[in-house]
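Protein chains in written order, with our numbering: chain A, 1 to 127; chain B, 128 to 533.
One structure is given below, encoded as structure tokens.
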Amino acid sequence: MRERSLRKVAIVCFLAGMVMLFLVSRNLELESKPMDIGDITIDDLNRAVRVCGRVTEKFVSDGDHVFLGIRDETGGIKAAIFNDTAENLARYRIDVYDVLEGDELCVRGEVSEWEREIEIVANWVEI
Amino acid sequence: MFFEILSLTLLGITAGIFTGLIPGIHVNNVCVALLGFGSVLITYDIPTHAVASFIIAMAVTHTILDFIPSIFLGAPEGATALSVLPGHRMLLQGKGLEALYLTVLGGVWVTLIFVMASPVLIWALPVFYGAIKSHIHLILLAILAVMIATERKNRRWALLVVIFSGILGLLLWDNPVAPLTILFFPIFTGLFGIPTLLMSLGDKSIIPPQESWIGVIDRGLVVSGVIKSFFSSLLVGTLPGVGASQATVMAQEITRKRDAREFLVSVGGINTAVAIFSILSLYTIDKARSGAAVAISRFLESFGLNELVLLISVALIAISISSLLALFIGKRFLHLITRIPYHRISVVIIGMLVLLVLLITGPFGLLVLFTATSLGLVAPLTGIKRSHLMGVLLVPLIIFYSGVVI
């Protein structure tokens, strides 16, 4: 196998990688677009979603779990940020305990059901 | 998102060039440091997928460029340790560039094979992992036994080296002074790097003029080396604690062929395959099997098919650029090292390695280096294979996975 064959293989790898990267980054962009809160229903149970809105209420439990009410133009939903998630976010200097009512933020997580109400169990928060 | 990911990929490749060219730096150590760097990037709104792309680009580039200090300076880290002797031998024959080219060939082809085989591997890996995870100690014991049994010259010395290197590994495994991952640097530098340099000092070796062209490499040799590295890497990608070093030993022992050039293709392939297989392990069995995978799993809140395809595409881009850069940099390196007397280079490299060990691991690391070097000299002085020194990892792993408590 000659060196110029390696160059050809490298170019093929590069082009294949660039095409795949372009296509997957479009997918990721679509995934990262926030969903309208009003469009989330019980049919979306266990689905990964991203929503953005304003914090309308905040409650911190004895176990340091944070519960936020988030509202956008289409509706409102509760987001649960458990203490281990809050601890993980703190490593990236995202302090959910400092969030105040009225703050704008985005939450990524899985749609869940608690006491007959749908909510988001958050694994990431963007403040 | 595309331009952010691409920018961070190119930045990762640049970082990988530097970490790969610095002797003795293991990509796992760099990935641990990246956890802090990556969290800073995220506070500047850099998407987490772009940070993950940086990590994998750096890891893949590192595995290719890593062979330059290993072959040309005799200064390896763990994954490239066993490449030192055949690569160095070729350097002293004036074929240093060809030795580097063989490792690059292995890296590029195993990446391509991995990408093409990934749909099958996504199904097969969980099945394979389930079948072997409770037998790893038996597999490693079998490998050790084959290594000793196939030693033609001095089996007693081989057994002694395995035992003493195993004792060294056990003593350092859970020591209270420094983490084992940090101590890998003085361990492998002492077992493989410095003995090679010391032996060549004694030979008054002169690096002969190096061929600046690469001849035609036999296709069969490349195919054989890549296949061995691919299957050896299966164990690395699925099993905890089994790194590129052990996979290299398996590749060397399983087929018993002694072609140094095929071996270099194999070890080059394994080094890169470890980085890439660990992405697949993260997706299929949700286990991080390399420092890069650990760092990626911390940044990406979920790891689905999109993330898998993203990191594979980044790996393809990184391998293509780094393979060409490795040959470009290697050719420039050749001009440098042939102008300086080799024994002077060896002395400087030994001094630099000792200093690096002291700076990174402190006085305890120096003690480890001295001990490992003493043991590492036994293999070339008695004429046995250096791979027996991998007992430093294999023995502790056998004991750990057998459940024996010491």
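Think of the CB as a built atom: it goes at the ideal place given N, C-alpha and C, for glycine as much as any other residue.
Please state the DSSP three-state secondary structure of V273/B. helix
What residue does the alpha helix (DSSP H) around S112/A start on, and which one ends it? Per DSSP, S112/A belongs to no alpha helix (DSSP H); it is in the beta strand (DSSP E), E104 to W114.
Could you spell out where the alpha helix (DSSP H) holding G221/B opens and where it closes? G221/B -> no alpha helix (DSSP H), and no H or E assigned at all.
L452/B to I464/B span [Cα, whole Å]: 18 Å
Length at least 3, wholly inside the segment 40 to 66 of chain A: the beta strand (DSSP E) runs in chain order: 48 to 60
Taking a cut of 9 Å between CB atoms, which residues from the segment 9 to 24 of chain A lie near chain B? V9, A10, I11, V12, C13, F14, L15, A16, G17, M18, V19, M20, L21, F22, L23 and V24
Exposure of K541/B, with buried meaning 16 or more beta-carbon neighbours within 10 Å: Outside the modelled stretch of chain B, which goes from 128 to 533, sits residue 541/B, for which no answer is possible.
Which residues share a DSSP beta bridge with K260/B? DSSP output for K260/B lists no bridge partner at all.
Would you call Y97/A buried or exposed, if buried means 16 or more other Cβ atoms sit within 10 Å of its Cβ? exposed
Under DSSP, the alpha helix (DSSP H) around E131/B begins and ends at which residues? F129 to L148
So the alpha helix (DSSP H) K458/B belongs to, where does it begin and stop? L432 to I464
Contact criterion: CB-CB distance below 8 Å. Does L68/A meet it with respect to chain B? no
With 8 Å set as the bound, which would you pick, yes or no: does the beta-carbon of L100/A sit closer than that to a beta-carbon of chain B? no
If you pair each beta-carbon of the segment 384 to 400 of chain B with each one of the segment 188 to 199 of chain B, do three or more pairs fall below 8 Å? yes
In DSSP terms, what W124/A is bridged to: R108/A
Check the Cβ-Cβ distances between L105/A and every residue of chain B, and say whether any is below 8 Å. no
By alpha-carbon positions, which one of L407/B, I526/B, V231/B and V495/B ends up nearest to I309/B? V495/B
Would you say L219/B and Q337/B are within 8 Å of each other, going by their C-beta atoms? no
Cα-Cα separation between L295/B and S245/B, rounded to whole angstroms: 38 Å
How far does the beta strand (DSSP E) with G150/A in it extend, from its first residue to its last? Any answer about residue 150/A is impossible in this case: the structure gives chain A only from 1 up to 127.
Using a Cβ-Cβ distance under 8 Å, would E119/A count as near chain E? Annotation note: the requested chain E is absent from the structure, which comprises protein chains A and B.
Pairs of beta-carbons, one from the segment 19 to 31 of chain A and one from the segment 63 to 79 of chain A, closer than 8 Å: are there three or more? no
Can you give the Cα-Cα distance for G293/B and G431/B, rounded to whole angstroms? 39 Å
Could you spell out the range, first to last residue, of the alpha helix (DSSP H) harbouring F194/B? F194 to F199
Using beta carbons (cut-off 8 Å, strictly below), is F129/B in contact with chain A? yes
Between which two residues does the alpha helix (DSSP H) containing S405/B stretch? A387 to T411
Residue range of the unbroken alpha helix (DSSP H) whose run includes F527/B: G518 to S529
Give the residues of chain A in contact with V441/B, contact being defined as C-beta atoms less than 8 Å apart. G17 and L21
Would you report the Cα separation of V288/B and L502/B, rounded to the nearest angstrom? 7 Å
Measuring straight from C-alpha to C-alpha, what distance separates S450/B and M128/B? 26 Å
Listed by chain order, chain A residues near I526/B by CB distance under 7 Å: None at all; the shortest Cβ gap to chain A is about 33 Å.
Assumed close pair Y528/B, I263/B - CB separation to whole angstroms, cut-off 8 Å: 5 Å
Whole-angstrom distance between P322/B and F497/B, CA atom to CA atom: 11 Å
Excluding the 5 residues flanking E128/A on each side, which residues of the same chain have their C-beta closer than 8 Å to its C-beta? Residue 128/A lies beyond the stretch modelled for chain A, which goes from 1 to 127, so this question has no answer here.
Secondary structure at R283/B, three-state DSSP: helix, strand or coil? helix
With F460/B and I195/B assumed to form a contact (beta carbons below 8 Å), what rounded beta-carbon distance in angstroms separates them? 6 Å
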